[in-house]
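*Asks:*
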Amino acid sequence: MKRILVALFIFAATMLQMAIFSQFKIQAGKADLLLLVIVALGLQNEIPKVDKILFSFLAGIIIGFISAEPFWITVIIYTVAVYFCLILRERLPQIPLVSMFFVSMVFMFFHLEIQSVYYQFLGFQIEFQYSFQNIILPSLMINIIATLPVYFVVSEIRRLVYPSLEEM
106 MKRILVALFI
116 FAATMLQMAI
126 FSQFKIQAGK
136 ADLLLLVIVA
146 LGLQNEIPKV
156 DKILFSFLAG
166 IIIGFISAEP
176 FWITVIIYTV
186 AVYFCLILRE
196 RLPQIPLVSM
206 FFVSMVFMFF
216 HLEIQSVYYQ
226 FLGFQIEFQY
236 SFQNIILPSL
246 MINIIATLPV
256 YFVVSEIRRL
266 VYPSLEEM
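So for the sequence shown, the working numbering puts the first residue at 106; every next one is plus one.
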């Protein structure tokens, strides 16, 4: 039941990203709400590691089939981001917000850079400077703004679905 509730939350976040957050643009950059949700889920202690990995696969497959990029890019990026969250959560358990900022920025950069390299491989003429100035930096700015609200919403969802012993 817990997995179903979190999967429904991921579906709702996907719908929000496609319907609302895709309209918030700075130049050509957009927020990646689902990456932020997956990173925030990865930094929650009470959620089992297997569930975190399953949720990253689910989110990657959903976005991969909805968007124009191949689904394997999002599946790999989201799964590696969750693994990185697990490593950071074990090493730095006291500062999840700093870890959230760091992981979301690093993997947003890698995701957009891999995406631009993929499009160059397909034959599109995208210069690195253009993609960095008009896509990557604006996307990072929007994600920085959205990081805190997403982390707190995911923390509340986690408290409802996976309550700890102190919260019961």
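Glycine included, each C-beta is placed from N, C-alpha and C at the ideal position. Computed from a predicted model, the values in this text were never measured in an experiment.
1. Assuming the contact rule is C-beta atoms closer than 8 Å, residue 112 and residue 163 should be a hit. Round their C-beta distance to whole Å, please.
2. In this structure, how does DSSP classify residue 228 when only helix, strand and coil are distinguished?
3. What's the call for residue 205, buried or exposed, on a 16-neighbour Cβ count within 10 Å?
4. From the DSSP output, read off the bridge partner residues of residue 131.
5. Is it buried or exposed, residue 116, if we count other Cβ atoms within 10 angstroms and call 16 or more buried?
6. Enumerate, from N- to C-terminal direction, the unbroken alpha helix (DSSP H) stretches of 4 or more residues contained entirely within the segment 151-211.
7. If we count the other Cβ atoms within 10 Å of its Cβ and call it buried at 16 or more, is residue 134 buried or exposed?
8. For residue 154, does the count of other Cβ atoms within 10 angstroms reach 16, so buried, or fall short, so exposed?
9. If residue 208 sits next to residue 186, beta carbons under 8 Å apart, how far is it from one beta carbon to the other, in whole angstroms?
10. State whether the segment 167-179 contacts the segment 190-199, with contact taken as three or more CB pairs (one from each stretch) at a distance under 8 Å.
11. If we call anything under 9 Å between Cβ atoms a contact, is residue 261 one with residue 236?
*Replies:* On the basis of the coordinates in this document:
1. Indeed they touch by this definition, with Cβ atoms about 6 Å apart.
2. DSSP places residue 228 in the coil class of the three-state scheme, outside both helix and strand.
3. Residue 205 should be labelled buried.
4. Residue pairing by DSSP places residue 131 opposite 134 in a beta bridge.
5. Flag for residue 116 reads exposed.
6. As for any alpha helix (DSSP H) of minimum length 4 sitting wholly inside the segment 151-211, the runs are 154-171, 176-196, ordered along the chain.
7. Buried, because 16 or more other Cβ atoms sit within 10 Å of the Cβ of residue 134.
8. That one is exposed.
9. With a contact defined as Cβ atoms closer than 8 Å, residue 208 and residue 186 qualify at about 6 Å.
10. Because the criterion of three Cβ pairs below 8 Å is not met, the segment 167-179 and the segment 190-199 do not touch.
11. With respect to residue 236, residue 261 sits apart: the two C-beta atoms are not nearer than 9 Å.
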